[in-house]
Every structure is written in C-alpha cells, then in structure tokens.
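What follows is one structure encoded as structure tokens, with my remarks underneath.
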Amino acid sequence: MHLQLDNHGPKHEQLARSLRQAIRSGQFQSGSKLPSTRMLSENLGLSRNTVLRAYEQLRIERLGVMREGSGTYVSDVPLPHGPVMQPRRVEAQSAYAARLRDLPPLTLGGAGPALRYDLQYGAPLVNTKLVSAWSSALATAAARTNTGYPHPQGLPELRESISRFLATWRGVAADPRDIVIVSGTQQALSLVSRILLDPGATAAMEDPYYELASHCLRAHGADVVGVRTDEDGLVVDELPSCARLVHVTPSHQFPSGRTMSLSRRQQLLRFAEEHSSWIFEDDYDGELSYSARPIPALRSLDTGDRVVYVGSFSKMMFPSLRLAYVVCPAGLRKDLVRAKMLEDMGCPAIEQAAMHLLFSRGSFDRHLRATVLELRRRRSALFAGLERHAAGRIQADDSRLGMHVIGWLPDFDTPRLDRLMESARQQGLGLHPIHPYYREPPPRLGLLLGFAGLFPRQIDAATKILGDCLQALP
Ligand SMILES: Cc1ncc(COP(=O)(O)O)c(C=O)c1O
C-alpha cells in the first residue's frame, strides 16, 4: 500500500485525496476492501478520527461504500476514464526485437471466431479420466514435493520414467543423464538454437514446415533455408552443405503427414556426420500411431550422436502443461543444461513430480493407449464422413498417425478455396488451408483437418457441412 500525503490542507482532506488517487489509478480496484481505519491510522501516524473523516468523504463522493461490520469497500461504479495515453512508438531496441517485428503473424492454431465446429489443428483431446488421474497426481505431488528450486535438468525420477517410456514407445535408448526436461518443444528449439547457432548460421527446415519452429529460428537470427520434401520425406540431396542444424519431423512430416523413409533417414544421418551438422528431431506425435508397428524415432538409428531428439507431452497429455523432453547428444548436454538453468532455472517441480506419478502408477500408459483408441475412432469418423458427404470432391491423405489429416482439393485455386472457407464459416464450420505452411507453393491446395477436438458425431456433422459447401460451390 502506497499512500502519500501532500501536506496541503487538513489531514483528512490529504488522506481522502491520496485514497481517491489510489482508486482512480487502480491501486484499489472496484469491489476491493480498503484498509481498516486502525491499520491506516497506525501506518500513517494519523488519528482514527482523521481516517474516519477521509472515508466519510469517499462515501459522500460515492467512491466508497460502508458495509456494516465489515469495513469500507471501493464502489462498483465505473470510474471516469482519465486521458488515454497513446502508446508511444519505440524503435526496436535490439536486433532480436527488430527480427521479432519482421516476423509475419502466426496463423497456426490462432483463435478465430467461435464456431459450432472447427476442424482446427492443435485442439486437444479432452478426456475426463485423464483429468481425474492428473488432478489426483497433482494433489499428491503438491503435498510431497520439495519447495526448493528444482533440478535445472529436470526431476531425476521423471527423467528415468521418460527413459523407460522412450525405449518402449519410440525405440530410443536414452540414458536419463542425457535427458533434459524443458517447457515445450518450443523452448527446446530456442535453447538448442542458442547453443548451436550463431546469428547468420544456416538452419535448414523441411518445406512445408512448422511455423512456430521457423519463427523461433528466424527470431534467433538464423538464416532459415527451406528444403523440399517428397513422398520419402526431406530431400537430403538438396540440403545446403553449410546447414549447421536441420529441423525435421521424420515420424510425421508437419503438416504434409508423410513419414520419412528408412533410406532417407540413413542419408540424413550420414549428411550430419559428414558435415558436422546437428539434427533437431521434432517427434511431436510419434506415439499416436494407428499402425500395428509404429515407426521408431530417427534418434534410434543415430550411432554418431548427432540427433537432438525432442518429444512433447502437448499431444499425449495437453498443451497447457508445457512439458517436453530432449534427448541430448552427450557432448551438448552441459551446454544445454546451462542454457536451461539460465533461462528459467528448471521446469516447475510439482508438475514434473505429478507426471512421474502418472508414469509410476501406470496411468500414463493406460491413458496413452486410450487416447490412441479414441483418436482412431475420431479419425475413422472423419474418413467415413468425408466418404459419405464429400466423396470425389476431397482426397484425404492417410498418414496413419497423429491428430490431423490433409484433405487435398483437386482443381482448386485460391479464390475458390477462399469461397469454400467463407461459406463453411457462415454455416458454423472452421476450415484451415495448408498452403500457408509452404515456402514454395504446393502443387495443389488442401485443408489441414484437425479431428482431435470433436466427438465422432460432431465430426460427421462437420463433414456434412463441408460436403454441402463443396457441392454448392460454382
Ligand atoms: C510440428 C509440431 N511440433 C511440436 C509441437 C508441440 O510443441 P510444444 O511442445 O511446444 O507444445 C506441435 C504441436 O502442435 C507441432 O505441431
């Protein structure tokens, strides 16, 4: 509480002026309780009577209301607005800020207007069983967890759980000492850029690409080069030899959905060894596979220790958790842990302990299997709906993995795609194009169809609207 008297006029008027100012500036907000008269008189060295008179003045002005036996509260009446301060234009104060200002707006997963159905990529699968398992783990963790600073590299028990999980689910043998827990793939890339890339260094990315990764590398000052992908994934022959870092999504190319073939994986690993470059493997949804034999991560083939592997709990759990893990080449571990330490001194301990509890109670494996089953149901509903309502008008690409499917639109040009999205929007359906994520324009236009956030019957209704809109297009 900062109240200052201005030594002009009687004390009760000085205090009333100071309180009025504090209310108008928002220091005391509408509905909040003002300090007790006793407290104010002790703190400011005034008599109780002086304070009472000042409060009486506020009541007369309708800035304060007295509640019997409880005290004086700031009124709910809207306060007159003071002069609106025009935000002053400030030049970018650093090269980093200048690069931030140069970035185009993000389009992926942006919150648009609320619609009845939205085939938005990135919407999480809400699961009531997970909510109760997570709440219980969180409560136990909160009661038990040490309140000191967390280990900057991540809770050792959680790193062990993740190491076992990676061996079973992703074919990756990871020593817990090489695992670093971070707050999301996004932070992993930011820290990895810092320890591997000087401004101006070349970072190669797949084309099409993950927008948030591209923004992160560009903001860091990297020279980001897009490299073509085909049916087999990244065309390694076209990688610039100066690439210090190659960002890839080999299990499920984002957003095209392709899986990188074994021969390309081997070629990429050879490239990294020959050119002393590093590979950033973004394995964002590799566990969510609908095949009997999911494809192991690229890192599982990496005998030269050139792959920085990153897995995330955003898809397996939910994105607001902000937890992910890096399996770090041994030679980079110290640098990465230091960078993490300086960044935020470690991820929140209670969430990490709760995640470990989910693993040790077996709930995480159960949850993940249930998630895959439910996603399979929703994906089947999407395919069935497209077949029922839009057969021949849209070609769905089946990647047998993850939470999205690409629907290619044969013979579409951009104005026609815009008309389709507009008519769908008018009928309460959100559609999202794929072409913004291509550096080179794609050979055909298409939609990024995220299906995780809708129930099967909603997916059917959404595909019905899509089919009707496609049919009605001239
Ligand atoms: C390609 C890709 N990588 C990574 C992620 C996860 O990022 P994070 O762990 O920062 O939530 C996503 C989530 O949508 C993604 O689409």
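Counting in UniProt numbering, the sequence shown runs without a single skipped number right up to 474 at its last residue.
Backbone N, C-alpha and C define an ideal beta-carbon position, used for all residues, glycine too.
The Cβ atoms of A204 and L239 lie closer than 8 Å to each other. With a contact defined as Cβ atoms closer than 8 Å, Y325 and I459 miss out at about 31 Å. The stretch 153-229 contains, as complete alpha helix (DSSP H) runs of 4+ residues, the segments 156-170, 185-196, 211-220 (chain order).
Between L19 and A54, the C-beta spacing is below 8 Å.
Membership of G71 in any alpha helix (DSSP H) is not indicated; the residue belongs instead to the beta strand (DSSP E) covering 71-74.
Distances between the C-beta of Q186 and the heavy atoms of ligand 1 include at least one below 7 Å. In the structure shown, F364 falls within a helical segment according to DSSP collapsed to helix, strand and coil. Taken atom to atom, the span from the alpha-carbon of N127 to that of M66 is near 47 Å. Under the criterion of beta carbons closer than 8 Å, Q266 and M260 do not qualify as touching, at roughly 10 Å.
When the five nearest sequence neighbours on each side are left out, the beta carbons in the same chain lying within less than 7 Å of the beta carbon of A173 are those of A167, in order along the chain.
In this model, L473 and A462 are separated by some 17 Å (Cα to Cα). In the displayed model, H356 falls within a helix according to three-state DSSP. Under the DSSP assignment, L40 falls in the alpha helix (DSSP H) whose first and last residues are 37-44.
DSSP lists Y73 as the beta-bridge partner residues of K33. For S251, the distance from the CB to the nearest heavy atom of ligand 1 is not below 7 Å. Ranked by Cα distance from G407, the options L448, Y209, E231, A16 are led by L448. Taking a cut-off of 8 Å on C-beta distances, the stretch 370-381 touches the stretch 283-290, as three or more cross pairs fall below it. Burial check for Q471: the Cβ neighbour count within 10 Å stays below 16, so the residue is exposed. The beta carbons of L115 and G430 sit about 5 Å from each other, so the pair counts as a contact at 8 Å. Taking the Cβ of P319 as the reference point, at least one heavy atom of ligand 1 falls within a distance shorter than 7 Å.
Per DSSP, A424 is one residue of the alpha helix (DSSP H) stretching across 414-426. Relative to the non-hydrogen atoms of ligand 1, the Cβ of F28 never comes closer than 7 Å to any of them.
Secondary structure at I394: coil, using DSSP grouped into helix, strand and coil. Of the candidates V225, I465, F412, C347, C347 places its Cα closest to the Cα of T147. Judged by DSSP secondary structure, M66 falls within the beta strand (DSSP E) whose first and last residues are 64-67.
Residue pairing of F318 in beta bridges, as defined by DSSP: absent, with no partner found. In this structure, the straight-line span from the alpha carbon of S75 to that of P10 is close to 25 Å.
Under the criterion of beta carbons closer than 8 Å, D283 and G311 qualify as touching, at roughly 5 Å. For a cut-off of 8 Å, the C-beta gap from H356 to S161 is around 5 Å, short enough to register as a contact.
Under the three-state reduction of DSSP output, F455 falls in the coil class, being neither helix nor strand. The beta carbon of A272 sits closer than 6 Å to the beta carbons of I279, R306 from its chain, once the five residues preceding and following it are set aside; these are given in chain order. Excluding the 5 residues flanking it on each side, D230 has no same chain C-beta neighbour closer than 6 Å.
When C-alpha distances from L15 are compared across S30, S41, S32, the shortest belongs to S41. Per DSSP, the continuous beta strand (DSSP E) segment holding A243 begins and ends at 243-248. In the assembly as shown, M39 is an exposed residue. Its beta-carbon has fewer than 16 other beta-carbons within 10 Å.
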